[in-house]
Amino acid sequence: MTDQIREQVSALLDGELPRDEIGLLLRRLERDTELRRAFGSYALIGETLRAPGGRIASPSFAARVNSAIDGQGAESPVRDEQAAANLPSNVVFWKRPTVRTALAASAAAAAVLLFRPESATQPTLAVATNATPNYSMAASPTPAQSQRLASYMVAHSQYSTPIVRRNVLTGLLAADPGLTRVSYEVGGAP
Amino acid sequence: MRRAAFGAAALLFAFAVNAAEGPQEDARSWLERMSESLATLNYDGLFTHSTAGQTDSMRIVHRVDEKGRSTERLVSLDGSGREVVRTLEEVHAYLPDRQVVLVEPRGDDGSLLKALPTPGPTLDKYYVLSASKGNKLLGRDVIVIDVRPRDRYRYGYRLWLDEDTAMPLRSVVGDESGRPIEQILFTRLELKDKIPARDIEPVVDAAGFQWVRTGRKLAAMPQVPANGWRPVRVPPGFRLVASRLQVLPGSPMPAQHLIFSDGIAAISVFIEPGPPTGPRPPEASAMGSANAYSTSVHGHVVTAVGEVPAMTVREIANSVVPVQHQGAAVEMPAANAP
Amino acid sequence: MKSRETGDNDADQPSEGVEQSDLELVRRAQRNERGAFDLLVLKYQHKVIKLVARLLRDPAEAEDVAQEAFVKAYRALGSFRGDSAFYTWLYRIAVNTARNAIASRQRRPLEYEADLSESEQSNLASRLRDTDTPEANALSEEIRVTVNEAIGQLPEDLRTAIVLREVEGLSYEEIAAAMDCPVGTVRSRIFRAREAIDRALKPLLD
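Chains as they are written, first to last, in this note's numbering: chain A, 796 to 985; chain Y, 33 to 370; chain S, 42 to 247.
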């Protein structure tokens, strides 16, 4: 039975698999690393026959491409879990701890976009946006400013949609919160 | 020698590859399932919250009681001791570094699904939603939902949902240029049948903290004039979904609080009487991926905050005027001379 | 419209089936099926790396530049319309990526010119092949030797089938006609040939 599937993989490489069988085979391929390895091996065999010598891809190349597409950065060990360890659990999703390094801090992360920006729709509102706001040097927020902003955020957080509410509240909790920048428009142009 | 460099793995991936799910569940229904799970399940998890240059570890505990009412606690694990607790009636934000607890009445009736603008049919005008199979997270099969903005007024999101429960295991916010600016990633998530009530209690020692009530139930409020404020132009796709009064400490009059939403993002606009000392210069600020912009209009302070790009909050704040001025020639509020 | 594949080898034209199959994978990739794109990477990774290695002064960068090319291709998938074969499109992206990499390092490329015509490209390829040095890839050499040995040991019908497919680029139908057997038999022979060679290769790559 497995031979039959591997034969399908061989046919897929040659473009000889009936189109309606492709979908199912792709799903199989996604779950089966050995099957994927076989596909890659068959491709390598063909390459070697056609153009022997010269460079070939290292075995982890395809994984690196995948990784680059995902924009995943290097992983570093997590800090200690401080979870209460004694609670009984019903379902636990857990794996060896990893922590993403800070986003957009590395050039690699910055280069990978979450999505391609649309050609910017010219905002119809725009008066103020076309003028670059005139900011003086960013000042540190006063405690009163931080607190005011925090109150706005808390009030606002109740009206965020579920997709974003978590982010708004965690932003409030993040270690260096309140205001991350305060800028003053000096004679800015509406 | 070259062989050694390649290591143990042969021609295979380190990650599972992706293939689209059938058309059975589209992105929108995944999002609805997600909202429902977030509101109705009991869970306790650890996650990291990352923005440029900074990653924080946090814990969230979400509890639903036998009457279906939810409470929640969010705590920073990095030593700042900050916590947010949503009790049945209120939201308490404990800020030990300021020795302050901000208190706000809960706007909803305990069921988090209500009072939220549900994505309407116009959502497609402003976002492109898509769903696809993702790499495994925490050993779970995931569906990746992309919420991609069609213009630069809003952010984009990518959510990795557990296929079984629709719980978000990872989420990334992208700015208007598509750059990732914020990430939440669970390192551990427990779904439980029950969560003890004590897990929702804050652990921070709030003795000596100043309790600042940032809001008050309306019943206790004096009459306020039915004066209205409206933005004369709203960024495309945003519509007014709620309007209420927000009491701010130290102000005799409550602030008007307008909430706009495009179905995914929400913007709050607060209008409050300006300080007697005269108009303040406009300010832009940010907290995480949320932006805020504050400006002066006719002796009032208008502040817009929301999880949208800075441009968007600035534009909406700049276009707010008192209602009785509508119909007259609307001038853009001038920026104040220093 | 079938276009001539400008690959390493003049005989390396994609058969109609391969083109269609690639197009199907591309369509799926455009619909966010990452598995489909991953297969395209697996299929063309060696070709792209070979190509890029020849264009760069420093072949050690070939994998990085090739990776960049694939990522670019992934992001640009929306603009691929099927007017050309997928590999032709990928080839151009790889060439451009290599050119940009060279430009950013401000070096003159080794006998490279933008927008080579097809014949120039294949000439260039064959010229460069002659200057390709054995130091380039010792593992690749081992693989070549292993594959050749394994092919030599195959039963004649399996060997013929796979050579007609991979080297001559014939479709299953064409091979069936050439070998006077059913298409299903061709498919099975090619598969078994691959399996036998794969078995020989596996210890090399594990």
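Just so you know, even glycine gets a beta-carbon here, dropped at the ideal spot from N, CA and C.
- Neighbours of Ser-162 (chain Y) across chain S, judged by C-beta separation under 9 Å: Arg-72, Asn-73.
- Under a criterion of Cβ atoms nearer than 9 Å, the residues of chain A adjacent to Ala-297 (chain Y) are, in order, Ser-955, Thr-956, Ile-958, Val-959.
- Closest in C-alpha terms to Thr-138 (chain S), from the list S:Ile-238, S:Tyr-213, S:Val-112, S:Leu-180, comes S:Val-112.
- Excluding five sequence positions before and after Arg-228 (chain S), the CB atoms of its chain that fall closer than 8 Å to its own CB belong to Tyr-213, given in chain order.
- Under the Cβ criterion (8 Å, minimum of three pairs), the region 300–310 of chain Y does not count as touching the region 174–181 of chain Y.
- Excluding residues up to 5 positions away in sequence, Phe-121 lie with their Cβ nearer than 6 Å to the Cβ of Trp-130 (chain S) in the same chain.
- The residue from Y:Phe-218, Y:Val-96, Y:Leu-193 with its alpha-carbon nearest to that of Gly-77 (chain Y) is Y:Phe-218.
- Under the 8 Å criterion on CB atoms, Ala-806 (chain A) is classed as non-interfacial with respect to chain Y.
- Measuring C-alpha to C-alpha distances from Arg-101 (chain Y) to each of Y:Tyr-159, Y:Ala-229, Y:Gly-188 identifies Y:Ala-229 as the nearest.
- For Leu-161 (chain Y), the uninterrupted beta strand (DSSP E) segment begins and ends at 159–169.
- The three-state reading of DSSP puts Glu-811 (chain A) in coil, since its state is none of H, G, I, E or B.
- Secondary structure at Gln-61 (chain S): helix, using DSSP grouped into helix, strand and coil.
- The beta-carbon of Pro-813 (chain A) is placed no less than 8 Å from the nearest beta-carbon of chain S.
- Taking every protein chain shown into account, the CB of Pro-263 (chain Y) has 16 or more other CB atoms within 10 angstroms, so this residue is buried.
- In this model, Arg-60 (chain Y) and Ala-191 (chain S) are separated by some 53 Å (Cα to Cα).
- The bridge partners DSSP lists for Ser-89 (chain Y) are Y:Thr-80.
- Bridge partners of Val-176 (chain Y) according to DSSP: Y:Ser-164, Y:Trp-192.
- Inclusion of Pro-100 (chain S) and Arg-845 (chain A) in the CB contact set at 8 Å is not warranted, their separation being larger than that value.
- Here Arg-101 (chain Y) carries a coil assignment [DSSP, helix/strand/coil].
- Residues of chain Y whose Cβ lies closer than 8 Å to the Cβ of Leu-968 (chain A) are, in chain order, His-81, Asp-88, Met-90, Leu-106, Val-107, Ser-108, Ser-112, Arg-114, Glu-115, Val-116.
- Around the Cβ of Ala-316 (chain Y), a 10 Å sphere holds 16 or more other Cβ atoms; the residue is buried.
- In the three-state reduction of the DSSP assignment, Met-199 (chain Y) falls in the coil class, being assigned neither a helical nor a strand state.
- Under the three-state reduction of DSSP, His-330 (chain Y) is assigned to coil, being neither helix nor strand.
- Nearest CB-CB separation between Leu-964 (chain A) and chain Y: below the 8 Å threshold.
- With a cutoff of 8 Å on beta-carbon distance, Tyr-325 (chain Y) and Val-345 (chain Y) are scored as near each other.
- Closer than 8 Å to the CB of Phe-270 (chain Y) there is not a single CB belonging to chain A.
- The Cβ atoms of Pro-341 (chain Y) and Tyr-159 (chain Y) lie no closer than 8 Å to each other.
- For Phe-241 (chain Y), no chain A residue has a C-beta closer than 8 Å to its own C-beta; the minimum C-beta separation is roughly 13 Å.
- Close CB contacts of Arg-220 (chain Y) within its chain, under the 7 Å cut and outside five residues either way in sequence, are with Gly-77, Leu-78 (chain order).
- For Gln-86 (chain S), the uninterrupted alpha helix (DSSP H) segment begins and ends at 75–96.
- The three-state reading of DSSP puts Tyr-128 (chain S) in helix, counting H, G and I together.
- Taking Asp-178 (chain Y) as the centre and dropping the five residues before and after it, the same chain places the C-beta of Ser-162, Arg-190 closer than 6 Å to its C-beta, in chain order.
- Exposure of Gly-225 (chain S) is indicated by the presence of fewer than 16 other C-beta atoms within 10 angstroms of its C-beta.
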